[in-house]
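First to last, the protein sequences are chains V and G. Per our numbering, residue 8 is the first one in the first sequence, and the count goes up by one each step. Per our numbering, residue 401 is the first one in the second sequence, and the count goes up by one each step. Let me begin by presenting the structure, written as structure tokens, before commenting on it.
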Amino acid sequence: MSAPQPTLSPLTQPYWEALHAGQLTFQKCEECDQAWLPAREACPNCLSIHWERVPAAGTAKVVSWVVYHTAYADHLAARIPYNVAVVELDEGPRMLTSIVGCRSDALLVDARIQLKITAEDGIPLPYFVLSEVNEEVVE
Amino acid sequence: MRGQTVIAGVGNTRYGKHPDRDKIDLIVAAARTALADAGLSKDMVDGVFVKIANAAPSVLYGQKVSEALGLQPKIGCALDQGGAANISLITYAALAIQAGMIDIALVCYGDTARTGSRAVYHRPRGDDAVMGWYSTAAGYAMIHQAYRQRYGTPDEHFGIVAVTARRHGANNPDAHLRVPLSMGQYLQGSYVVEPLRRDDCCLVSDGGAAIILMSNKRARQLGRSRAVPIIGLGQAQESWEVHLRPDLLHTKAADSAETAFRMAGIRREDVSFAQLYDCFTVTVLQTLEDYGLAPRGTAGARALSEGIGVDGWLPLNTAGGLLSESGTPGLQLIIEAVRQMRGEARLQVSSPRFGLVSNQGGSMHTHATLILGQPQ
Ligand SMILES: [Zn+2]
Numbered sequence: 008m009s010a011p012q013p014t015l016s017p018l019t020q021p022y023w024e025a026l027h028a029g030q031l032t033f034q035k036c037e038e039c040d041q042a043w044l045p046a047r048e049a050c051p052n053c054l055s056i057h058w059e060r061v062p063a064a065g066t067a068k069v070v071s072w073v074v075y076h077t078a079y080a081d082h083l084a085a086r087i088p089y090n091v092a093v094v095e096l097d098e099g100p101r102m103l104t105s106i107v108g109c110r111s112d113a114l115l116v117d118a119r120i121q122l123k124i125t126a127e128d129g130i131p132l133p134y135f136v137l138s139e140v141n142e143e144v145v146e
Numbered sequence: 401m402r403g404q405t406v407i408a409g410v411g412n413t414r415y416g417k418h419p420d421r422d423k424i425d426l427i428v429a430a431a432r433t434a435l436a437d438a439g440l441s442k443d444m445v446d447g448v449f450v451k452i453a454n455a456a457p458s459v460l461y462g463q464k465v466s467e468a469l470g471l472q473p474k475i476g477c478a479l480d481q482g483g484a485a486n487i488s489l490i491t492y493a494a495l496a497i498q499a500g501m502i503d504i505a506l507v508c509y510g511d512t513a514r515t516g517s518r519a520v521y522h523r524p525r526g527d528d529a530v531m532g533w534y535s536t537a538a539g540y541a542m543i544h545q546a547y548r549q550r551y552g553t554p555d556e557h558f559g560i561v562a563v564t565a566r567r568h569g570a571n572n573p574d575a576h577l578r579v580p581l582s583m584g585q586y587l588q589g590s591y592v593v594e595p596l597r598r599d600d601c602c603l604v605s606d607g608g609a610a611i612i613l614m615s616n617k618r619a620r621q622l623g624r625s626r627a628v629p630i631i632g633l634g635q636a637q638e639s640w641e642v643h644l645r646p647d648l649l650h651t652k653a654a655d656s657a658e659t660a661f662r663m664a665g666i667r668r669e670d671v672s673f674a675q676l677y678d679c680f681t682v683t684v685l686q687t688l689e690d691y692g693l694a695p696r697g698t699a700g701a702r703a704l705s706e707g708i709g710v711d712g713w714l715p716l717n718t719a720g721g722l723l724s725e726s727g728t729p730g731l732q733l734i735i736e737a738v739r740q741m742r743g744e745a746r747l748q749v750s751s752p753r754f755g756l757v758s759n760q761g762g763s764m765h766t767h768a769t770l771i772l773g774q775p776q
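Written as structure tokens, this is what we have:
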């Protein structure tokens, strides 16, 4: 099994193009202010189709995480052990990511994290790193 | 609905490996046993309800199963609700029986995920697969991590679920895995997707299971005195993927249980045993708490101190559950609950009044609850 590619459609393409340009974006409803990921045609809260694509500040917190010790596809063998985390953007939407540049045992619930877009096989992935503010808190 | 529908027969194949056998042939084998247990000829069945298989799911599956059974039922259908589907199918079959649309229903399941394809358990999960998000286990690992972080849960609180299931399964000649597990062995198990160790994860099994439903009135007419009445049914859907749901540790299992207990008209403490969907150890702790059987964050401590064997605080998964009897999704739990209520279980709970079964699927996306009463 080879590395998966994101599905590109008129709805999802702007998300990936924004990541190429260094920005993580989400959708925000013009009717009810709901903010969400991943891309949908209609607001999952009020079903309105009137929304705008908004850049995220790139700051977030950790909700939960796992560490893969099993490579479920050949291309992942070189990555294990790697973490996948649920994070919550400060603007509200939750997403899956990987928190890079730290040991997985350094992760904590509610730890502050910062967006670090990283290209893997030419795909710009919205990874995160632990914020420096955490280290100050620890000290 | 309360008590108006009964489970009049149960049957299952041995669980484990059935190389070179078709999953539908396993269903037919289990159905033959269930029909004999109910004392019925197959032609009396006019409703066939089947959960889609995990190995190589296909379209028109209810019809393929009916064809193999040589039946042209009034209702023949397949449902996808992941692991909650079997209790949900029982619900729809019971509603159709009570509406007078059918007389006798077969609810059945067969799979060859062990010797056939287990690709579904390892699958890349949508566009998030670009992050390395693969497998069924990872969704539960995310919940397990959230649970242990919020409550400061020691590993032994998860371990007791696996250790007890394996002790129960060792007593079950039909079980897939009959090797007992010590707490020491559990704690030394290697990580699959951390924090899930090997023995936190259920089996991947081949096997078939079937039950027969009819109205209470019909069972009396046929003189089926061992028929076990269904007194409570509930369902609820979490729907949101693990990473999108607002709280990983409050699932809609609570609503499913509330609906079932309200229909049954019994209190939580009236339950004599529970067969809880243990695809992973954390789901047992989470279900006990969502169902209102233990305060939040305490189920594991109580399981460890008072036990969850047949003489414990609450006897759980007395035939081994998904961790030891069979990894097939859920019907085996219902069959064991029926055997307990009939007083025919291998590890029998003393004079059970009410039996509880949970089914759930996805990453705790789907929930269904069944409560059984005593044969009359
Ligand atoms: Zn809206």
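We put the beta carbon where it would ideally sit given N, CA and C, even for glycine. Owing to the predicted nature of the structure, the values given are computational and were not obtained by experimental measurement.
If you reduce the DSSP assignment to three classes, tell me which class residue i lands in.
i: V/Ser111; result: helix
i: G/Tyr540; result: helix
i: G/Tyr415; result: coil
i: G/Asn571; result: coil
i: V/Trp72; result: strand
i: G/Thr515; result: coil
i: G/Val520; result: helix
i: V/Gln20; result: helix
i: G/Leu440; result: coil
i: V/Val145; result: With a pLDDT of 49 at V/Val145, under the threshold of 50, the modelled position of this residue cannot be trusted; read the value that follows with caution. If DSSP states are grouped into helix, strand and coil, V/Val145 belongs with the helices.
i: G/Gln404; result: coil
i: V/Gln121; result: strand
i: V/Glu127; result: strand
i: G/Met501; result: coil
i: V/Arg101; result: strand
i: V/Val136; result: strand
i: G/Leu716; result: strand
i: G/Ile708; result: coil
Which bits of chain V does residue i rub up against, with CB to CB less than 7 angstroms?
i: G/Glu594; result: Val73, Val74 and His76
i: G/Gly685; result: The sequence shown places Leu at residue 685 of chain G, not Gly. Those within 7 angstroms of G/Leu685 in chain V number zero; the least Cβ separation is about 15 angstroms.
i: G/Val530; result: Pro11, Pro13, Ile130 and Leu132
i: G/Asp819; result: This structure gives no information on residue 819 of chain G, because the portion of chain G shown stretches from 401 to 776.
i: G/Leu577; result: Chain V residues near G/Leu577: none, gap ~19 angstroms exceeds 7 angstroms.
Among all the DSSP beta bridges, which residues are the ones paired with residue i?
i: V/Arg60; result: V/Gln34
i: G/Cys508; result: G/Val450 and G/Ala610
i: G/His576; result: None, per the DSSP bridge assignment.
i: G/Leu633; result: G/Leu770
i: V/Tyr89; result: V/Tyr75
i: G/Asn759; result: G/Ala768
i: V/Ala67; result: V/Leu96 and V/Ile120
i: G/Thr491; result: BP columns for G/Thr491 are empty, so no partner.
i: V/Trp43; result: V/Gln34
i: G/Gly409; result: G/Ile612
i: G/Ile424; result: Note: G/Ile424 sits in no beta bridge, so no partner.
Give the interface partners of residue i over in chain G, defined as CB-CB distance under 7 angstroms, in chain order.
i: V/Ala67; result: Those do not exist, as V/Ala67 stays about 12 angstroms from chain G at its closest Cβ, beyond 7 angstroms.
i: V/Ser105; result: Met531 and Gly532
Residues of chain G with a CB under 8 angstroms from the CB of residue i: which are they?
i: V/Pro17; result: Near V/Pro17 there are no residues of chain G at all, since even the closest Cβ is about 15 angstroms away, more than 8 angstroms.
i: V/Val116; result: Ala546, Gln549 and Arg550
i: V/Arg86; result: Gly532
Going along chain V, which residues have a C-beta under 9 angstroms from residue i?
i: G/Val642; result: Ser71, Val93 and Leu103
i: G/Ser590; result: His76
i: G/Leu506; result: The premise fails here: G/Leu506 is roughly 36 angstroms from chain V at the closest Cβ pair, so nothing lies under 9 angstroms.
i: G/Ala648; result: According to the sequence provided, residue 648 of chain G is Leu. The question's Ala does not apply to it. The answer, in chain order, is Val70, Ser71 and Val93.
Going along chain G, which residues have a C-beta under 9 angstroms from residue i?
i: V/Ala80; result: His522, Pro524, Ala529, Gly532 and Tyr534
i: V/Leu83; result: Gly532 and Tyr534
i: V/Val136; result: None at all; the shortest Cβ gap to chain G is about 15 angstroms.
Along chain V, in chain order, which residues have C-beta atoms closer than 8 angstroms to that of residue i?
i: G/Ala538; result: Val73, Tyr75 and Val91
i: G/Ala541; result: Val73
Give every residue whose Cβ lies closer than 6 angstroms to any heavy atom of ligand 1, listed in chain order. Listed along the chain, these residues meet the criterion: V/Cys36, V/Glu38, V/Cys39, V/Gln41, V/Cys50, V/Asn52, V/Cys53 and V/Ser55.
Ranges of the beta strand (DSSP E) found wholly within the segment 585-630 of chain G, counting only runs of at least 3: Annotation note: the segment 585-630 of chain G contains the following uninterrupted beta strand (DSSP E) runs of length 3 or greater, listed N- to C-terminal: 591-594 and 606-615.
What are the uninterrupted segments assigned as alpha helix (DSSP H) that are 4 or more residues long and contained completely in the segment 442-487 of chain G, given in chain order? Within the segment 442-487 of chain G, complete alpha helix (DSSP H) segments of at least 4 residues are found at 461-468, given in chain order.
Extract the residue ranges of the alpha helix (DSSP H) inside the segment 643-693 of chain G, only unbroken runs of 4 or more that lie entirely within it. Secondary structure in the segment 643-693 of chain G: the alpha helix (DSSP H) runs of 4 residues or longer, each lying completely within the stretch, are 653-664 and 681-690 in chain order.
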